[in-house]
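Student: Questions regarding the structure given below will be posed in turn.
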Amino acid sequence: MRDIFLIDTNIVSHMGYAKPKPGLLPWLLEIGTPHLAICYPVIAELLRGAHLLMPYNPAKAREILAWVGRIRSTDFAILPMDFEAADMYARMTTTPCLKNMWTSDGKSKRTRLGHDLMIAAVAIAHKTPILTENVRDFLLIDQIFPLPGLYHPYESTWHVPPVYPSSLPVFDANRPDPWAGSLPTM
1 MRDIFLIDTN IVSHMGYAKP KPGLLPWLLE IGTPHLAICY PVIAELLRGA HLLMPYNPAK
61 AREILAWVGR IRSTDFAILP MDFEAADMYA RMTTTPCLKN MWTSDGKSKR TRLGHDLMIA
121 AVAIAHKTPI LTENVRDFLL IDQIFPLPGL YHPYESTWHV PPVYPSSLPV FDANRPDPWA
181 GSLPTM
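In case it helps, full-length UniProt numbering puts the sequence shown at residues 1 to 186.
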């Protein structure tokens, strides 16, 4: 899929903060919401975070749930976990050096559900570069399952070159946000 970029959970999360990272919303809007996509693992991670928070801070959890609902009303494409993506994910979960991405080591309190693997599988299946701040995990995946592109917006750097010619605006943390309110925040 050309001219579409898959947004990782950390970028969507930053987008949702009451005070997003300076420059993020103008940068995303310069790309244009019709050129940005999310996928169900991103939505699942956001919803899971809200549900985990519910017993401790129900007001904040409801705020996150409402915000995720507003994300659905944007022009973001929703890339499906189709057969090709499911097959790719299944292969990733049988790769020993990626095991730490979908299992817990027993010592960690952090549960690994394999969302980065799912996001990578969707990106590969749809030939869509990933926009993320979390390049380390995706670079590990890329060593075995070549990604169609991996871009760190805050560095304005392609860590994995895109499979098709692509240009993204340079990220500028000092760029004013004349479009305040154009993307859902909390």
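Positions of the beta carbon are idealized from the N, C-alpha and C atoms, including for glycine.
According to DSSP, what are the bridge partners of residue 158?
Tutor: Answer by DSSP bridge pairing, in chain order: 151.
Student: Nearest-angstrom Cα distance between residue 30 and residue 98?
Tutor: Spanning the two alpha carbons is a distance of roughly 35 Å.
Student: Counting along the chain, where does the alpha helix (DSSP H) carrying residue 83 start and finish?
Tutor: Per DSSP, residue 83 belongs to the alpha helix (DSSP H) from 83–92.
Student: Determine whether the beta carbon atoms of residue 37 and residue 128 lie at a separation below 8 Å.
Tutor: Cβ atoms of residue 37 and residue 128: closer than 8 Å.
Student: Looking only at its chain, what residues have a beta carbon closer than 6 Å to the beta carbon of residue 65, apart from the 5 residues adjacent to it on each side?
Tutor: So the list reads 50, once near-sequence residues are dropped.
Student: Give a yes or no on contact between the region 130–145 and the region 60–78, applying the rule of three or more CB pairs nearer than 8 Å.
Tutor: Verdict: no, contact absent.
Student: Which class does residue 138 belong to by DSSP, given the choice of helix, strand or coil?
Tutor: Residue 138: helix per DSSP, three-state reduction.
Student: So residue 50 is in the alpha helix (DSSP H); what residue range does that whole segment cover?
Tutor: From DSSP, the alpha helix (DSSP H) with residue 50 extends over 40–53.
Student: Please return the same chain residues whose Cβ sits closer than 8 Å to the Cβ of residue 33, not counting the five positions on each side in sequence.
Tutor: Within the same chain, residue 33 has close Cβ partners 74, 75, 76 and 183.
Student: Among 135, 126 and 124, which residue has its Cα nearest to the Cα of residue 158?
Tutor: Minimum Cα distance to residue 158 is reached at 135.
Student: When DSSP builds the beta bridges, which residues end up paired with residue 6?
Tutor: In the DSSP output, where bridge partners are listed per residue, residue 6 has 37 and 130.
Student: Here's a check: name, in chain order, each residue in its chain whose Cβ is nearer than 7 Å to the Cβ of residue 148, leaving out the five neighbours to either side.
Tutor: Excluding sequence neighbours, residue 148 sits near 123, 124, 127, 128, 129, 162 and 163.
Student: Measure the alpha-carbon distance for residue 187 versus residue 120 and round it to whole angstroms.
Tutor: Outside the shown range of the chain, which is 1 to 186, sits residue 187, and nothing can be said about it.
Student: Starting from the Cα of residue 173, find the closest Cα among 55, 39, 42 and 20 and give me that residue.
Tutor: Cα-wise, what sits closest to residue 173 is 20.
Student: Which of the three DSSP states is assigned to residue 18 in this structure?
Tutor: Of the three classes helix, strand and coil, the one that applies to residue 18 here is coil, per DSSP.
Student: Taking the continuous alpha helix (DSSP H) assigned at residue 79, which residues delimit it?
Tutor: That residue, residue 79, is in no alpha helix (DSSP H); its beta strand (DSSP E) goes 77–79.
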